[in-house]
Every structure is written in structure tokens, then in C-alpha cells.
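Undergrad: Protein chains in written order, with UniProt numbering: chain A, 1 to 543; chain B, 1 to 543. If you scroll down you'll find the structure; I have some questions about it.
2 protein chains.
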Amino acid sequence: MEIQSIADKIHLTKDDLELYGNYKAKIHLDKIEHLKNEKNGHLILVTSINPTPAGEGKSTVSVGLADALTHIGKSTILALREPSLGPTMGMKGGAAGGGYAQVVPMEDINLHFTGDLHALTTANNALAAFIDNHMYQGNELQIDPDNVSWKRALDLNDRALRQVKVGLGGKTNGIPREDGFDITVASEMMAVLCLSASIEDLKARLRQIVVAENTKGEPVTVEDLKVEGALALLLKDALQPNLVQTIEHTPVFVHGGPFANIAHGCNSLLATSTALKLADYTVTEAGFGADLGAEKFLDIKVPHLKKAPDAVVIVVTIRALKMHGGVALKDLQKENVEAVKRGFVHLEKHLQNMQRYGLPAIVAINEFSSDTKNEEALLSQLLKEKGVPAARTSVWQNGSQGGIELAEKVVDLIETTEPSFMPLYPASFTIEEKINKIVKEIYGGAGVSFSKKARQQMNQFAKRGWDHLPICIAKTQYSLSDDPEKLGCPKDFTISVREFVPKLGAGFIVALTGKVLTMPGLPKQPAALKMDILETGEITGLF
Amino acid sequence: MEIQSIADKIHLTKDDLELYGNYKAKIHLDKIEHLKNEKNGHLILVTSINPTPAGEGKSTVSVGLADALTHIGKSTILALREPSLGPTMGMKGGAAGGGYAQVVPMEDINLHFTGDLHALTTANNALAAFIDNHMYQGNELQIDPDNVSWKRALDLNDRALRQVKVGLGGKTNGIPREDGFDITVASEMMAVLCLSASIEDLKARLRQIVVAENTKGEPVTVEDLKVEGALALLLKDALQPNLVQTIEHTPVFVHGGPFANIAHGCNSLLATSTALKLADYTVTEAGFGADLGAEKFLDIKVPHLKKAPDAVVIVVTIRALKMHGGVALKDLQKENVEAVKRGFVHLEKHLQNMQRYGLPAIVAINEFSSDTKNEEALLSQLLKEKGVPAARTSVWQNGSQGGIELAEKVVDLIETTEPSFMPLYPASFTIEEKINKIVKEIYGGAGVSFSKKARQQMNQFAKRGWDHLPICIAKTQYSLSDDPEKLGCPKDFTISVREFVPKLGAGFIVALTGKVLTMPGLPKQPAALKMDILETGEITGLF
């Protein structure tokens, strides 16, 4: 269906759109500005248990749920993150849902789409060039070349760029120094774009980005460099949400895609807030499991969105629960009711967490062919005992038809429950208090240990007035703890905070636990080896 | 005017286009394929004398000529290169003509446009990542890390990236080695895109790119790495010509923009060939002066285009002729008839060169307010004595009205002259013979000296069968010689060839004379400092 017809469904006219071909469009910011005082619809947050190699299908369920809501007559918009080219070329090929629960045009979305990632890469690297140029051209701000924290970025998997030396080859090539490249989705530029409410807000956030320290150890910002206008200009189109559709023609905003460890892991603020104005139901998802994605959605994004979810959907599979119950990937085909039971404690913890936030939750059991009747029966019984609503979904196989039970139960949950959102911590908490709150209440840990450097940074940040910001914990996505091997519901663990990274533009402080890779590598046989385009235009190997 | 109305003028339907908003579109490759057997229209090549800081206005005259041709009732398409973000952010702000002879939407064209440059950057760096990954993952092809010739690229001015070390920080970050970044327009990827006639041709060219030598000193190609399919996939949209318009609504293809020193400096083959099928008159331009741009257009692009120009327009200004006659930039405001006379020998050489190719030429004298009556009279007289047609243009000030005399004379020249294109050299010439031909006949030099390395390379390339390719000389644009200080018409100079760079994908051998900078730097006060975007969407400082 042409994108204008999709736009019609949510009352967007031709003038509200910037077309990118017949199947993609951006929504003009002045339209968004006009919608500002409209009433919000209902917000449904899709999250999951901690991911396992067995796969949970969170995006697929999000797509299927949106289609099913549309199918039962609810005006619905889906808001998703946009993919990065790095993983597409590397590990997995492209993705935006799967089976009969997909977002289209999938090829475009997984390649250059509307150029947002490229605009971010360009703005990121333009800023890096301005910094190096400033040092080269007299260094009026006295930037310390050994303390430039702003890294370069590419939207690719390229381990050789993780750590580099730049400015080599003699005086005319600038100041030699150590540097590195992040994948664009890990860059603060992406987080800034995703949390900006307008061009003015974007510029205000850009100004606050700390790029380096000067020789006195004081922070140097984009404002000091006077380039926020040029950077905002490079990002002006990227700030507009992208409109596409599911294969069942539900409108979808695919916009922004920050990492869920080093950043907050949700699609853009503008996409979600605009969807809320245009539809009765907005379905959105958060990255990784609920400990990382949902926590950050609720503690970092919601304060800006000024709207908490009306319901949370936690996606599980029996396979994944069995892995959390101690079964190895190769043994998942075998029935193992006991493992489902053992794994259930993991799901239970995430359910408790949503209760803690005061949010109604429902479990979506995403069907796999290997699920057995006994396993299914046990899981249903366990959920019933806890009084948790649940629905089985088969949207990959059956599209919206496979999600109707879930859609109806979600609507029922929203209509019968009064959410009373309770934030996890107030802004006035110290950094240490905030992290303790997250670790103890959300992860279920015993406490937090801080490195000497982390302690020094907390003191310094407090003096600089940065401690009012929320915390973004960079942690393994595989476990509630910071040890990827500890599946299920680990107890009595402590989380070690190695270092903080202030992201003043994004508006949060990243707490690094363990080693976080911000530039992935390619596997021995990259997905790219199978990709091709024929003279007919036919594409192979992208999915 | 909406782009569909512009497309209507040249009989392109909605189905032939991929819209990028209301004012930009790409032309589908299957439409281009369908046009293959249509008759070609007339081709007008706009070139100039060697550029000076006084400015010649070649692009402005190209735009004005196309508008004037349209104005006098000729179906006309203009085909231009697309700009790079690096210089836009750096030295000069954006550009696509000027005054009343402009291409619009100028803001878009000078920012991300339709994403072609970003696709090229991505393909370039994906290839680099595949190479480094191959070496890291066992290095089956035995690529020598010290002999990787494929560099990374960004579409920015960034001197700190000219020479870098990658793969630092330990074993898991790949193989440490020296590397560097070129500006994207200097990358072979750009030249490949600009000379490809189809997706198949693009893939064939990609396959042939030499990226490195193996430990035995043998060339390693993209074909060996098996990634031409993935790279072509990344470039499939970028291969489609972009349609925009002049402010007087003449259709313009703005597509591809390779450097005119390290590459061949013209817009894409597909843009020019498609324009020839769709209009009676195609106006196109070549980079820098006629010694670099026109020579490469004629000896590198024409063999693939299979169509030589029907007329060549050489743009001059009295100011620039005075500089070639020895006047300093600061003294240009003063009348100096003698300097015009001295500078005329420079123009004369370029006119002789066009005669050498068998092409009818006309001089466009682009007016400046500082031109005096005496200077004008002398220049007219000199041209008359030589029997060279000429026309004064004031398209910057007056749009198409300022180019009518030129347009009428160009049409008259085409209708009354039979061009008989004579290529400068046959493919069978040796590399040395080809370079001698260019230097002696086009530059007017006495001979060529080759470094020891260049001689070794010529032998090696001959053995590898690469010597049938045309030569792309990388030389200063400011002089007919390889010394930028030698203005006018220098004599008895030799050109020193330092080194060759085989560009097997592009299909030419680059001969490096002197130092060629393939990654520019930013000035002390980059243009970016003045750029801004307001909440209203208004842009300032881009031009």
C-alpha cells in the first residue's frame, strides 16, 4: 500500500509528509508541533526476559500485537528502533520482525532507509574534525589532546577501528593522539537525537555535549566550539520520524536506534510522542530484557515523554525459560518441564519489577514448534497461580490472527486497570543512591562496588552539578547480574561499577560495569558474503 | 515547481521516478535500460581555463546556458556533479551555481541530498572492514598488512585522518597497520559509480578493484574477497541519477562528483547518457580547467559514453586572464589591457587543444563589474583575429537573459559545424606513450620524467596487462604544468611522475605528479561556525 494511504489512516496529509519514494516518508516537525496539545492515546511497552541464544521474538510480537490491535478495530501505531548496517552486514542480515509479522519495505529499512544513521555518522565525525581542527589551529580552548573523550563513529562492524592513532605523518596532519571509532548507534549523537523534542531542544542538547577536558581538567563542550548550529543542520532531517507500515498495513514509526547498554535503547522520543497523539494505541518496545530496556525506558525516556505505559507486555518463550532454567541450547528440543519451572523465577522477577513501577503487566508466550503440551500447561498454571494475565502468540506463523488473544487481553488490562506509575528514584538522589536503587530493586542484587576512579568521578560530577541526571547502566544483557553466565534469578551478587561516562547532551550518566564493546567486529563469514543484487534489481542474501 | 512537473517536461512518468520529497527524485534504472536504443541529442561540454583565485564561474555559466537554451525553445537537460560535505562545512559553504543561475533545492543538494555520498562512504568503509576482517580471521588470501592500498573514507575535511594507525589495543582489535582516510569524492568507489553503465557493469568494476598485495606481491581484488554483491547492494540507489531543477525550472541531473585530479572529475556516465536520450541538448561540465577536466572527459569518459561533445564552451573571465597575465589578486580592480593580452596565450592554448580533439569551441566571457571597456574590446578583438566564436554572459546577474547570446551561438555552432572527434591516444599505446601525448600535446610541455618507482610500476603493469587503460593525471589545477606558480602558457617544462595508482575498478591508471592531497583540512574558521537552523526551519550560513 502506498505510504500516503497509510498516512491517511492516521490523518496525516500530503503536506505533513516528506516522501522518500512511495513506501517511506518523514513527518514534518511543524505538524508535530501542531499536535502538541492533542490528547495522548494509550501506551503499550513491549519488553522481554533477558535474551538467550534461543530467541524471544520481541520485535515480532510487537509487530503482531500492533496488527492484531488494528485487526480488532483499534487505531494503532507501532514505534520501533531503526536497525544499524553493522550487524546487517555482519552477523545476522537484516531484520524488522519476521514471518507474517514484519515491517516493510524491509530492504530499505535494513540498508540506507531515509539516511538517519548516515546523518548521525556525519554529525558525529564533523564534530570530531572540528575538535582536532581546533587543537591544530592554535587551540584557544586549550583542549588536552590526551583527554578528548569524543570518539569518531561509523555505522559498520569494524574491530580494526576500535583503537586507532590519528594525526600521524607530520605537522600538517594535525596533532597525533589516541582515538577510536564507535558504531554510530553507540554514539551520544544517537542518544541526543532520540531524546530531543524539537530543533531547539536538539541544539540545547548538542551544546551540552562534553567532548574533552582542557589542560586544567575542566570540561570542554560543543557550546565552547560553537558548532551546535552546524550539527543541528546536519541532523534536521534525521530528527523527523519515519513512517512505514507492517505487511498488514498498520502504520509504523521506525526512528532512532540507540544501543541499550551504553545508551537508553528505545526509538525516538518524537516518534513515540507523535504516535501517542495520532492513534488510540501506541505499541513500542525497549531493547534487550526488561532490566536494561524497560528500566531505561521508564527512568530515562518517560520523564521526557511525560507519559508512562498503560500496560507492559513481557515476551517469553518456553525455550528461553528452559535456558534460564539451566538447559543448554543443543538440548532445547527435548521436553523439560522442570527447567520451565526453574526458569520461571527469572520471569517472575521481571514481573515483580513492573509491579514495583506500578504498571499492569501481561505475559506474551511466543510459540515455538518445539514447545510441548506439558511445558505449556505448566507455564500457564504458574502464571495463573501468580494472578498474571498471559496470552499465547503465533504472529510469526499467523500474522495478526496469531495475536488477537494478546491484543484483546491487553485492551482489557488497560480498560480495567488504573496504572499508577511510580518512578524508581527522584532526580535529587545521588548517583550512588540511584545505582543502588537499580541494582537492588530491579536486578535483585545485594549491592554495588565502585572502583576508585568511579568514586572520584561521582565526587567530581556532584561538584559540577551533574548528579541530578538519571543513570544509564551499561551491563551484559544476558543476566540480571553483570555476569553473562548467571542465568535465571541470581542472588547475592554485587555489581561493579568501573567508570562513569557523562553524556550531558543525552542527559544521563553512563555507568560502565565490566567491558562494554562499542564497536562490534565481523564474524569469519560475514552475512555480506551472501548478499547480491541482480540486473533485475532482485536482492538476495539480505535476510 | 514540484519535481514531477519537471519530469513531465522530459517525459518521465511517476513510475520512472523515486521521489525524495517534492523537489528531488531518482530515476529508476529500468527506465534507463528502456531508453538504451533511443537517439542521442547534442552534447555541450562546459570547461574553463585553469582556475585562479579570481573565480571563473564555470558552474554558473553551465546553469545559465542550460536556462538560456530552454528559454530559446530548446529541450535541454543540465548534468552536473554533486557537491561534497567536506568543503561545504569547511571553506566555502555550499554551491550549485550562483545568483540567478542556480540549481535548487540548494540546501538539500549541499547537505545529504539523496544520500549518494553516504552510500559511497559506507561501501568504501565496508570494504575496508572486510579486508581487515579477512586478515584477522586467518588471512586465507595472505594479504600483506603493510601493502593494503584500499583506504578508508569520510565525506568530510579532516586532516587528522590523513594518516592513522588502526588495529591497536591488542589482539582482539585486529592486525595493527598504517592506514589513512580519503575524502569520499577522492575514493575509487566514487569513480567506479560514475563510470558504471548498469548494475552488472558496477559489479564487474567492483570485482576488479585492487585492494592490496598478498605476501607474494600479487594483487588482491574485491573478487577475491567475494563482496562485490554486498557492495553493489549498498550502491544500488546511489547508481540512479538524481533529478532536480534550476531556479528557471530547467531539468538538472546532479549525480556523482569525483575529484578532477586523482579521478576523472565529471558527473556520472548514467546521468549524461540518460540526459542525451531525454533532451535535444545536454549541457555538462568537467572539473577544473580544460587540461585536467576536459582531457579526462574526452579520454576517459567519452569512450564509455560513446558520444563526443558537439561543442565545447570555454569559460573565461577578464579577471582570470589578467591573473594568467601576471596581475596579483589585489590589483585586479585596476584596468590592465596588457595583462589581458599576456593572459590570452593561456586561453589560446586551451582553444588549440579543443581543435586538436576535432571539437568546435566557443568562448564564454563571464562578466564581472570590474571589467573595463578597453579590456573587453581587446579580448573581443583577439578572439576575432583567431576566428573563435565568443559570447559575453551575465547569467549570475540576469539568469537565462544573460546567456541568450551564448545559447544562440552554441546552437549555431552545433548546426553549422561537423565535429570529427579524434581521441588523443589509442588504448594500445604504452603508459609512457600516453603520458607523453598528454603532456606534450595538451599541457604543452617538453617531456616527462619518471621516478624509478614509476618505471618499475610501468613494467609491472604491462606484465599484468593493465597498460591498455587510459591515464588519469593527478596534477595541480592552477597551471598547465605541474607547478602551481606557473600561470599563463609555460614552455619547456617537464612533468615528473612520482608514482602510479592502479584504479582497475574505475578503469584507469592514476599518475601522481607532485603531492596530491586526497583529504583536505578545515580552515581556522570553518564555514560551519556560521551555520544554524532555527526553530522555524530557517537555515542560515549555508551559502
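Positions of the beta carbon are idealized from the N, C-alpha and C atoms, including for glycine.
Taking the continuous beta strand (DSSP E) assigned at residue 134(A), which residues delimit it?
TA: It is not in any beta strand (DSSP E) - residue 134(A) instead sits in the alpha helix (DSSP H) that spans 116-136.
Undergrad: What do you get for residue 494(A), buried or exposed, if any count of 16 or more other CB atoms within 10 angstroms of its CB means buried?
TA: Its Cβ having fewer than 16 others within 10 Å, residue 494(A) is exposed.
Undergrad: Can at least three beta-carbon pairs, one atom from the stretch 481-490 of chain A and one from the stretch 449-463 of chain A, be found at a separation below 8 Å?
TA: Cβ pair count under 8 Å is below three, so no.
Undergrad: Pull up the CB-CB distance for residue 410(B) and residue 442(B), whole angstroms please, since I reckon it's below 8 Å.
TA: No, residue 410(B) and residue 442(B) are not in contact; Cβ-Cβ is about 23 Å, not under 8 Å.
Undergrad: On a CA-only basis, which of 459(A), 400(A), 469(A) and 403(A) is nearest residue 429(A)? Give me that one, please.
TA: Nearest C-alpha to residue 429(A): 469(A).
Undergrad: Against chain B, does residue 169(A) count as a neighbour if the rule is that its beta carbon must be under 7 Å from one of theirs?
TA: With 7 Å as the cut-off, residue 169(A) counts as an interface residue toward chain B.
Undergrad: Measuring CB to CB, does residue 2(B) end up less than 7 Å from residue 21(A)?
TA: Going by C-beta atoms, residue 2(B) is not nearer than 7 Å to residue 21(A).
Undergrad: For residue 386(A), which residues does DSSP report across the bridge?
TA: Answer is none; residue 386(A) lacks a bridge partner.
Undergrad: With a cut-off of 7 Å, does the C-beta of residue 112(B) fall near any C-beta of chain A?
TA: By this cut-off, residue 112(B) is an interface position.
Undergrad: Between which two residues does the beta strand (DSSP E) holding residue 284(A) run?
TA: First-last of the beta strand (DSSP E) with residue 284(A): 281-285.
Undergrad: How is residue 476(B) classed by DSSP in three states: helix, strand or coil?
TA: If DSSP states are grouped into helix, strand and coil, residue 476(B) belongs with coil.
Undergrad: Over the uninterrupted beta strand (DSSP E) stretch that includes residue 303(B), give me the two end residues.
TA: Segment 302-305 is the alpha helix (DSSP H) holding residue 303(B); no beta strand (DSSP E) there.
Undergrad: Fully enclosed by the stretch 58-108 of chain B, which alpha helix (DSSP H) runs are 4 residues long or longer?
TA: Qualifying alpha helix (DSSP H) stretches, in chain order: 58-71.
Undergrad: If I'm right that residue 75(B) touches residue 285(B) with Cβ under 8 Å, what's the distance once you round it to whole angstroms?
TA: The pair is not a contact, with the Cβ atoms about 19 Å apart (cut-off 8 Å).
Undergrad: Specify the secondary structure class of residue 242(A) as computed by DSSP and reduced to three states.
TA: Strand.
Undergrad: From residue 384(A) to residue 408(A), what distance separates their C-alpha atoms?
TA: Going by the C-alpha atoms only, they are around 18 Å apart.
Undergrad: Counting contacts by CB-CB distance shorter than 7 Å, is residue 514(A) in contact with chain B?
TA: No, its Cβ sits nowhere closer than 7 Å to a Cβ of chain B.
Undergrad: May I ask which residues mark the beginning and end of the alpha helix (DSSP H) holding residue 192(B)?
TA: Counting along the chain, the alpha helix (DSSP H) containing residue 192(B) begins and ends at 188-195.
Undergrad: Determine which residues share a DSSP beta bridge with residue 449(A) and list them.
TA: Beta-bridge pairing links residue 449(A) to 496(A).
Undergrad: Provide the residue(s) that pair with residue 26(B) in DSSP beta bridges, ordered along the chain.
TA: 18(B) and 242(B), per the DSSP bridge assignment.
Undergrad: Would you kindly check if the distance between the Cβ of residue 123(B) and the Cβ of residue 190(B) is under 7 Å?
TA: Taking 7 Å as the Cβ cut-off, residue 190(B) and residue 123(B) do not qualify as a contacting pair.
Undergrad: How big is the Cα-Cα spacing for residue 423(B) and residue 312(B)?
TA: Going by the C-alpha atoms only, they are around 15 Å apart.
Undergrad: My understanding is that residue 68(A) touches residue 505(A), with C-beta atoms under 8 Å, so please give their C-beta distance in whole angstroms.
TA: Not really, about 38 Å apart at Cβ, beyond 8 Å.
Undergrad: Which parts of the stretch 410-464 of chain A are runs of the alpha helix (DSSP H), unbroken and 4 residues or longer, counting only runs that do not cross its ends?
TA: Whole alpha helix (DSSP H) segments, 4+ residues: 431-437 and 452-463.
Undergrad: If you count every other CB in all the chains shown that lies within 10 Å of the CB of residue 134(B), and 16 or more means buried, which is it?
TA: Under this definition residue 134(B) is a buried residue.
Undergrad: Count Cβ pairs between the stretch 169-188 of chain A and the stretch 257-267 of chain A that sit closer than 8 Å; are there 3 or more?
TA: With the cut-off at 8 Å, the stretch 169-188 of chain A and the stretch 257-267 of chain A touch.
Undergrad: Any beta carbon of chain A sitting closer than 7 Å to that of residue 20(B)?
TA: With 7 Å as the cut-off, residue 20(B) counts as an interface residue toward chain A.
Undergrad: Is there at least one Cβ from chain B nearer than 7 Å to residue 25(A)'s Cβ?
TA: No, residue 25(A) lies away from the interface with chain B (no Cβ there is under 7 Å from its Cβ).
Undergrad: If you reduce the DSSP assignment to three classes, tell me which class residue 366(A) lands in.
TA: Strand at residue 366(A).
Undergrad: Roughly how many angstroms separate the alpha carbons of residue 318(B) and residue 387(B), rounded to a whole number?
TA: If you take the alpha carbons of residue 318(B) and residue 387(B), they lie about 19 Å apart.
Undergrad: From residue 80(A) to residue 157(A), what does the alpha carbon distance come to, in whole angstroms?
TA: Looking at the two C-alpha atoms, the distance is approximately 22 Å.
Undergrad: Using a Cβ-Cβ cut-off of less than 8 Å, list which residues of the stretch 87-109 of chain A approach chain B; keep chain order.
TA: Residues passing the 8 Å Cβ filter: 89.
Undergrad: So, using beta-carbon positions, are residue 530(B) and residue 541(B) closer together than 7 Å?
TA: Yes.
Undergrad: Just confirm the distance between the C-beta atoms of residue 545(B) and residue 513(B), as a whole number of angstroms; I'd bet it's less than 8 Å.
TA: Here chain B comprises residues numbered 1 to 543, so residue 545(B) is not present and cannot be evaluated.
Undergrad: By how many angstroms is the C-alpha of residue 35(A) removed from the C-alpha of residue 533(A)?
TA: Rounded to the nearest angstrom, the two C-alpha atoms are 41 Å apart.
Undergrad: Give a yes or no on whether the C-beta atoms belonging to residue 44(A) and residue 347(A) are separated by under 7 Å.
TA: Cβ distance not < 7 Å, so residue 44(A) and residue 347(A) don't count as in contact.
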